[in-house]
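All residue numbers for the sequence shown refer to our numbering, where the first residue is 2 and numbers rise by one.
Okay, structure first, notes after.
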Amino acid sequence: MPTNYATPTNNLVNVSFWFLAIILLIILVVVFYYILAKTLKKGPKSREVKMVKKYYLDRNLYVGILKVFKEYYIILATSNSSEIIRKLEEEEVQEIMNEHPKFLETFSNILKKDKISREREEEKLKK
């Protein structure tokens, strides 16, 4: 005479299966959310429109150089809006882009001067 009652072993297997299935589902949702958030954060990339350089004036305010196709513009942008200030010529853009190496040269010269002055102080202390 067969019985249709669940045995404790079958009940335990069913509970374990559903517990693992729910845990796996939660892990998949978290991984999917992480991947989606990371790709949406960067936004769509375009070769035609590119932010070349940003100079932050405040936490939510910056002046940037925007390249649209082959033209460059200076823009003022906030978290809510952006506005074109003026169009730049190619020479002006090159001049702005070449400022970065000048800063590095200046910074490295300051470090070299500091190192030389420390070495002189150490020599004086040894004498």
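The C-beta atom is built at its ideal place from N, Cα and C for all residues, glycine as well.
The structure presented is a predicted model; accordingly, all values stated were derived computationally and were not measured.
DSSP places Glu-93 in the uninterrupted alpha helix (DSSP H) bounded by 91–98. Within the segment 53–97, the complete beta strand (DSSP E) segments at least 3 residues long are 62–69, 72–79 and 83–89, listed from N- to C-terminus.
Put simply, the backbone Cα of Leu-89 is about 40 Å away from that of Lys-116.
Around the beta carbon of Leu-67, 16 or more other beta carbons sit within 10 angstroms, so the residue counts as buried. Leaving aside the five residues that flank Val-50 on each side, the residues in its chain whose CB is nearer than 6 Å to its CB run, in chain order, Val-69. For the pair Ile-76 and Val-94, the CB atoms are not nearer than the 9 Å cut-off. Ser-80 and Leu-62 have their alpha carbons spaced roughly 7 Å apart.
The three-state secondary structure of Lys-46, taken from DSSP, is coil.
A straight line joining the alpha-carbon of Leu-126 with that of Glu-96 spans about 46 Å. Residue nearest to Ile-85 within the set Glu-92, Met-52, Asn-99 and Met-98 is Met-52 (criterion: CA-CA distance).
Residues Ile-75 of the same chain have their beta carbon placed closer than 6 Å to that of Arg-87, with the five preceding and five following residues left out of the count. Close CB contacts of Val-32 within its chain, under the 6 Å cut and outside five residues either way in sequence, are absent.
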